[in-house]
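Below: one structure, written as structure tokens.
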Amino acid sequence: MDYQLTLNWPDFIERYWQKRPVVLKRGFANFIDPISPDELAGLAMESEVDSRLVSHQDGKWQVSHGPFESYDHLSENNWSLLVQAVNHWHEPSAALMHPFRALPDWRIDDLMISFSVPGGGVGPHLDQYDVFIIQGTGRRRWRVGEKVPMKQHCPHPDLLQVDPFEAIIDEEMEPGDILYIPPGFPHEGYSLENSLNYSVGYRAPNARELFSGFADYVLQRELGSQRYADPDVPSRDHPADILPTELDRLREMMLGLINQPEHFKQWFGEFITQSRHELDVAPPEPPYQPDEIYDALQQGDTLERLGGLRVLRIDGEVFVNGEKINSRTVRRWTP
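So for the sequence shown, full-length UniProt numbering puts the first residue at 1; every next one is plus one.
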């Protein structure tokens, strides 16, 4: 399926991206679901796939995590099945990601798909990332509030919600409609009938994740071995004092590592191409040999990109799944 998104990207970025939520009516005209509820339920039975069931009854919330063996215990109301990274496992669903490549690949995370029965949802909550929510079959009511400080609570240990909010968007979504929500805007959605939703989520690392990832890189490569030195150690009023000039020198030591462009580029390429979810990898036995692959390509066979594989470039260098690919041929290839 070739999904065509009716969206003026420059106008959208100027007016809405990370600024305001918006409903894009018929963003996908004549939308056709790439997956059925039964197929989604089947994926949630696989141990490699991240999934969860969220249900509520009389104000009590329950969350269970896959893989699931059966759904016979579920009622006809008030539950949702959510499956992460479906683009890693289901090629027709992965096609939904293509229209969103107007935004940088490195910012895209994964495609989460949910199936909900009437009343199904996860309650009012916040996300710290951008998301496009595409309405598939069925109808769902969405409410979005203003971005203001909100108190969060856990009605279940695996479920974080916010207090009720006043809506600035209150919309009944139909197939092909898209709801864009920037980070920090409270929202909630409840199915009005059996429905499918497709969430294209974006990756936004925080400073803590960046520091932690770079620290791992430094340790793995045994960088930063230079020790603190003070041949001109200054005098002080008391031996217990640490002087501002000494703090500056220590900070400069740390910043000196980050300020090495080649190392920073190498680290970020590896860091940002690591997938947060499993990939559909089944190594052949015995492994293919280079000449076998060459012969197959010469005979007209083609290589297909693995679903969810993160392939990015920095200054012409290609990074794939957490590794830098050292090949002049690969560098000429556009991911």
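Beta carbons are placed, not taken as given, at the ideal position from N, Cα and C, and that holds for glycine.
Query	Result
Buried/exposed call for residue 336, threshold 16 Cβ in 10 Å	The requested residue 336 is not part of the displayed model; the chain covers only 1 to 335.
CB of arginine 305 within 9 Å of CB of arginine 203, strictly	no
Whole-Å CB distance - isoleucine 134 paired with proline 92, under 8 Å assumed	Contact flag wrong, Cβ pair sits at about 14 Å.
Within 9 Å, strictly: CB atoms of asparagine 78 and glycine 120	yes
Reference tyrosine 198; option with closest CA among Met254, Met45, Phe214, Phe100	Phe100
Alanine 207 classed as buried or exposed, judged by whether at least 16 other C-beta atoms fall within 10 angstroms	exposed
Those residues which DSSP pairs with glutamate 323 across a bridge	Val320
Contact between the stretch 171–183 and the stretch 20–29 (3+ Cβ pairs under 8 Å)	yes
DSSP three-state assignment for isoleucine 293, whether helix, strand or coil	helix
Beta-carbon gap between arginine 68 and alanine 41 smaller than 9 Å	Before going on, a small fix: residue 68 reads as phenylalanine here, not arginine. Contact flag set, yes.
Cβ shell of leucine 159 (< 6 Å), same chain only, five flanking positions each side left out	Trp61, Val63
Rounded C-alpha distance that separates tryptophan 142 from histidine 187	7 Å
CB contact flag (arginine 140, glutamate 172, <9 Å)	yes
Burial state of alanine 215 (16 or more Cβ within 10 Å)	exposed
Span of the beta strand (DSSP E), counted from its first residue to its last, around glutamate 172	167–173
Top-ranked residue by Cα proximity to aspartate 127, from Arg251, Leu210, His263, Pro205	Pro205
Assigned secondary structure, glutamine 57 (DSSP; H/G/I helix, E/B strand, else coil)	strand
Given valine 131 as reference, the closest of Phe185, Gly300, Ser195 once Cα atoms are compared	Phe185
Option nearest isoleucine 113 by Cα separation, candidates Tyr129, His88, His125, Pro261	His88
Cβ-Cβ distance between residue 388 and isoleucine 272 below 9 Å	Examination of residue 388 is not possible in this model, given that the chain is present from 1 through 335 alone.
CA-to-CA distance, histidine 98 to tyrosine 294, given in whole angstroms	29 Å
Leucine 250, DSSP secondary structure in three states	helix
DSSP-derived helix/strand/coil call for isoleucine 32	coil
Inter-residue spacing [alpha-carbon to alpha-carbon] between tyrosine 217 and glutamine 289	31 Å
N- and C-terminal bounds of the beta strand (DSSP E) containing glycine 189	187–191
Own chain residues within Cβ distance below 6 Å of alanine 94, not counting five before or after	Asn87, Gly307
Residues bridged to asparagine 197 [DSSP beta-bridge criterion]	Ser114, Gln135
Assigned exposure category for glycine 59 - 16 Cβ within 10 Å defines buried	exposed
Leucine 210 to proline 183 span [Cα, whole Å]	18 Å
CB of valine 274 within 9 Å of CB of asparagine 321, strictly	As written in the sequence, residue 274 is glutamine, which differs from the valine given in the question. Yes; because the gap between Cβ atoms is below 9 Å, this pair is in contact.
Sequence-distant residues of the same chain with beta carbon closer than 6 Å to phenylalanine 115, five excluded per side	Pro37, Leu40, Leu81, Leu196
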